[in-house]
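Protein chains in written order, with our numbering: chain A, 3 to 186; chain B, 3 to 186.
Think of the CB as a built atom: it goes at the ideal place given N, C-alpha and C, for glycine as much as any other residue.
It should be emphasised that the depicted structure is a prediction, and the values quoted were computed from it without experimental measurement.
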């Protein structure tokens with residue numbers, strides 16, 4: 003076998019846009035040293051006046067080292083709509099939580115499907131959360147402050163059975179955080 | 003009293019950039035009809051290939067009606083850094099959760115301080131979360147998938163006592179959702 007052919011046979015396998023060769027490399031590294039799996043995500047936030055805030059995300063720790071986030075990092079805001087006395091400058095914290103959840107569910111399916119060589123053609127989701135602001139406003143002690151229920155509808159285009167996709171989604175870290183207190 | 007003077011005396015009171023007159027109007031409306039407090043936040047999400055997703059936030063329901071989000075809505079992405087096989091296209095779901103939490107804590111302090119006529123001069127925060135990816139990877143059943151701990155440090159410039167500010171922050175809806183399963 004020529005050197006070129008050898009190199010070609012070692013080209014990374016890619017499933018669902020995920021480099022599976024690298025993914026198994028991560029898994030092997032974690033098996034060899036569990037410290038590799040310890041991550042710390044972080045950001046700073048500044049109040050912008052009224053009901054607006056701005057987060058700056060510049061770095062995180064993981065795989066034994068601190069990584070700089072791309073370029074100068076990400077700058078992302080929170081706001082509130084006029085009916086909640088804001089200016090609609092950005093999604094509000096409740097919307098950001100739903101964004102985190104659905105992004106995590108989708109990404110978790112994609113990673114785990116890639117590791118199992120399950121091809122995913124498309125994923126489209128709808129997510130919604132019910133919240134009774136009497137809890138936040140302190141007007142009804144029996145009403146919880148956060149979401150009382152979150153519903154997620156995912157349409158996954160794949161030949162794999164629904165139960166398999168559901169089992170892949172169940173690895174989602176943010177699902178675990180949120181579903182402990184909110185029915186999802 | 004002239005009509006002009008009457009109008010001036012009814013100018014909205016603003017504390018911390020929040021229209022307190024409108025805030026008490028909301029509170030009165032909720033007291034008169036608890037249905038006003040029922041909100042439903044929602045978004046759609048599309049997988050962009052690899053470990054990237056895009057959420058579109060166009061509307062929400064609250065105060066008895068559906069509201070359009072500003073202009074054509076918000077389009078926001080999730081990504082992953084290279085060490086997690088992504089391209090750093092956007093913050094990842096774990097970072098978005100921290101953004102939601104700190105934005106909610108800050109906004110909750112500001113709303114409730116405004117209602118109590120407590121002036122806030124500045125808020126700056128740092129938030130970080132620990133996560134052991136062995137849980138997500140399915141390599142250690144005893145390790146949880148989500149954050150094991152989240153730490154928030156807030157510096158609030160105000161003349162109010164720390165305990166008061168802490169009590170205002172405790173109204174945060176997203177704090178309630180997240181702290182049920184993660185020590186915050």
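Can you tell me whether residue i is helix, strand or coil according to DSSP?
i                     : result
residue 172 (chain B) : coil
residue 117 (chain B) : helix
residue 184 (chain B) : coil
residue 145 (chain B) : coil
residue 177 (chain A) : helix
residue 89 (chain A)  : coil
residue 96 (chain A)  : helix
residue 75 (chain A)  : coil
residue 36 (chain A)  : helix
residue 6 (chain A)   : Its pLDDT being 43, under 50, residue 6 (chain A) is placed unreliably by the model, and nothing is read from it.
Is the beta carbon of residue i less than 8 Å from the beta carbon of residue j?
i                     : j                     : result
residue 43 (chain A)  : residue 37 (chain B)  : no
residue 154 (chain A) : residue 99 (chain B)  : no
residue 171 (chain A) : residue 183 (chain B) : no
residue 1 (chain A)   : residue 21 (chain A)  : Since the displayed chain A opens at 3 and closes at 186, residue 1 (chain A) lies outside it and no answer follows.
residue 39 (chain A)  : residue 85 (chain B)  : no
residue 101 (chain B) : residue 45 (chain A)  : yes
residue 127 (chain A) : residue 156 (chain A) : yes
residue 33 (chain A)  : residue 50 (chain B)  : no
residue 147 (chain A) : residue 174 (chain B) : yes
residue 90 (chain B)  : residue 161 (chain A) : no
Can you name the residues that DSSP bridges to residue i?
i                     : result
residue 132 (chain A) : A:151, B:42
residue 49 (chain B)  : B:55
residue 61 (chain A)  : A:70
residue 157 (chain B) : B:126
residue 80 (chain A)  : A:55
residue 21 (chain A)  : A:16
By Cβ distance, which residues of its chain are closer than 6 Å to residue i, with the 5 residues on each side in sequence left out?
i                     : result
residue 145 (chain B) : 134, 136, 137
residue 14 (chain A)  : 21, 23
residue 48 (chain A)  : 56
What residues in its chain sit with their C-beta under 8 Å from that of residue i, if we drop five residues either side in the sequence?
i                    : result
residue 75 (chain A) : 58, 59, 60, 61
Excluding sequence positions up to five away, which residues of its chain have a Cβ less than 7 Å from the Cβ of residue i?
i                    : result
residue 87 (chain A) : 53
For a test of your reading of the model: does the CB of residue i fall under 7 Å from any non-hydrogen atom of the ligand ZN? Yes or no.
i                     : result
residue 175 (chain A) : Judged by which ligands are present, the structure shown has none, so any question about the ligand ZN falls away.
Any contact between the region 78-93 of chain A and the region 38-57 of chain A? By contact I mean 3 or more CB pairs, one from each, below 8 Å. They touch, by the three-pair rule.
Looking at C-beta atoms only, is the number of pairs between the region 103-123 of chain B and the region 90-98 of chain A that lie closer than 8 Å three or more? By the criterion of at least three beta-carbon pairs nearer than 8 Å, the region 103-123 of chain B is in contact with the region 90-98 of chain A.
Stretch-stretch touch, CB-based, cutoff 8 Å, three pairs: the region 12-29 of chain A with the region 117-126 of chain B: No, because fewer than three Cβ pairs between the region 12-29 of chain A and the region 117-126 of chain B fall closer than 8 Å, the two stretches do not touch.
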